[in-house]
Amino acid sequence: MNYRSSHVGQRRHKYPNRCTVNCIWFLLLQLSCSSRQRLLFLMPLSLHSLHRHILSGAKLLSRSCLPVSTLRSVAMACFLTSAFLLALQTYAAPAEFVQASFAMTQDSMDLDPDLPSNISEEVTSSPPPGTNKQIPQSIIIGVRKGGTRALLEMLDIHPDVAAAATEVHFFDWDENYAKGLEWYRDLMPYSYPHQITIEKTPGYFTSALAPERIRAMNSSIKLLLILRDPTERVISDYTQVYFNRLENHKPVQAIENLLVRNGALNTRYKAIQRSMYDIHMRNWLQHFSLEQIHIVDGNALIQDPLPELQKVERFLNLPPRIISSNFYFNQTKGFYCIRSDGRERCLHESKGRPHPTVNSTVLQQLRSYLHEHNRTFFRLVKRTFDWQ
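When the sequence shown is numbered by the UniProt record's numbering, its final residue is 388 and no position is left out of the sequence of numbers.
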């Protein structure tokens, strides 16, 4: 959802509803644990998105009982937030303030708000001495829901990497490409001459125009492509859209209704088309040699990050600086998190969300269809992956 394109008035009218929800939540938390469990189903589906920072921090949705002090603290936090939102409704904020607030929300949605990102962002008007903005020497081109955010966050541990904070969509969106290369450069972080600037936009891999446009910018650029089991990627793609639509109060469909139409696999479904890796790879190999494209195994990165990152270091000719102590397994989240510069941080809670259970017949239909595409892809890249 692009909040920047929404009308300001459409945003403000939602505040009373949010205040109501938060006040209900405040009252609900005053109940005993047993009563709270019985009544929790009354809360709207969008509750978690309204107070993501507070709720995820206290794990209120996953624990049946908490200390009274914790309950009261969280309840008061929700209540005060409600009062603040109600005040905003009473004293309308200038449009510029509302627009800026929603822009910041959209830009930070990929990262856990509890744990600040290490990715380079411009927070001062004057750059550090000796730095400038460089055109990326490497780009993570995809694939969507393949682990691009995890890869960029982990690479940003390296002192010789300067990572762009947002997905730029320069080469796949015509309106951005028309703004020119200097506009693109200006969106990059300040970096030192010895650093490599990296940006990631997952949409590049499936874009028909991105390969040619990137080659026109730099024919010797090094590209990073992170892929995962294509069937799992389809389901993850669906899951992201499903929760986005829920949070925006839009209708949703069961995944089987999107995967199958009239008894046959719906190959026009975009999530399936994005998983036809061979088709997109052919387009890239028309403009770049295979040696310029390093494929990261997304499944392996999640299970054991270090070996995959060491391969990337070698591909980018970076000195080995990423070590095993930079990662720790978070039992609560179920995946590896990052430890660097004395800080610990994880990806946003939307990463690693549970996937829906798919009808076994439909799932097998999807796997069988993608199996042939996988075999063709393996021949193109001259390696295999452990995909079902």
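By construction, the Cβ of each residue, glycine as well, lies at the ideal position given by its N, Cα and C atoms.
Asked: So, at 8 Å on beta carbons, what are the nonlocal neighbours of Arg321 in its own chain, with the 5 sequence-adjacent residues on each side left out?; Found: Ile157, His158, Pro159, Asp160 and Glu313
Asked: Looking at C-alpha atoms only, which residue of Asn132, Thr206 and Ser360 is the closest neighbour of Glu182?; Found: Asn132
Asked: Let me confirm a value: Pro127 is counted as buried when at least 16 other C-beta atoms fall within 10 Å, else exposed. Which label applies?; Found: exposed
Asked: Measure how close the beta-carbons of Pro211 and Phe329 come, nearest whole angstrom, since I'm counting them as under 8 Å.; Found: Incorrect: roughly 36 Å between the Cβ atoms, too far for contact.
Asked: How would you label Glu153, buried or exposed, when you count the other beta carbons within 10 angstroms and need 16 or more for buried?; Found: buried
Asked: Would you mind sorting His280 into buried or exposed? The rule is 16 or more other CB atoms within 10 Å of its CB.; Found: buried
Asked: Distance, Cα to Cα, Tyr238 vs Thr197?; Found: 31 Å
Asked: Would you list the residues sitting across from Thr197 in a DSSP beta bridge?; Found: Ala162
Asked: Just the C-alpha distance for Gly130 and His194, rounded to the nearest angstrom, thanks.; Found: 11 Å
Asked: I'd like the list of long-range same chain contacts for residue 394, defined as Cβ closer than 8 Å, with 5 residues on each side in sequence excluded.; Found: Shown here, the chain extends from 1 to 388; a query on residue 394 therefore has no answer.
Asked: Skipping 5 residues on each side, what residues in its chain have a beta carbon closer than 7 Å to that of Ile295?; Found: Leu225, Leu227 and Val381
Asked: Around the Cβ of Pro116, are there at least 16 other Cβ atoms within 10 angstroms (buried) or fewer (exposed)?; Found: Caution is warranted here: a pLDDT of 39 is assigned to Pro116, below 50, making its placement in the model unreliable, and the coordinate value is therefore given only provisionally. Answer is exposed; the Cβ neighbour count stays below 16.
Asked: Please report how far the alpha carbon of Thr215 lies from the alpha carbon of Trp284, in whole angstroms.; Found: Reading the sequence as shown, one finds Arg at residue 215 and not Thr. If I take the Cα positions, the gap works out to 10 Å.
Asked: What is the C-beta distance between residue 390 and Val252, in whole angstroms, given that I count them as a contact (C-beta under 8 Å)?; Found: Residue 390 falls outside the range modelled here, since the chain spans only 1 to 388, and no answer is possible.
Asked: Here's the rule I'm using: 16 or more other beta-carbon atoms within 10 Å means buried, otherwise exposed. How should Gly263 be labelled?; Found: exposed
Asked: Would Phe205 pass as a contact of Ile141 if the rule is Cβ separation under 8 Å?; Found: yes
Asked: With distances taken from CA atoms, which of Leu151, Gly298 and Ser138 is nearest Leu347?; Found: Leu151
Asked: Whole beta strand (DSSP E) runs in the stretch 236–318 with 3 or more residues, listed along the chain?; Found: 293–297
Asked: Quick one: does the C-beta of Ile139 sit closer than 7 Å to a heavy atom of the ligand SAM?; Found: Because no ligand of any kind appears in the structure shown, any question about the ligand SAM cannot be addressed here.
Asked: Whole angstroms is fine: what's the gap from Arg343's alpha carbon to Tyr269's?; Found: 41 Å
Asked: Can you tell me which of the three DSSP states Phe377 falls into?; Found: helix
Asked: Going by CA-CA distance only, name the one from Ser275, Ile302 and Gly334 that's closest to His373.; Found: Ser275
Asked: List the DSSP bridge partners of Leu223.; Found: Ile139 and Ile293
Asked: Check each candidate in Ser191, His249, Lys311 and Val234 and name the one with the smallest Cα separation from Ala163.; Found: Ser191
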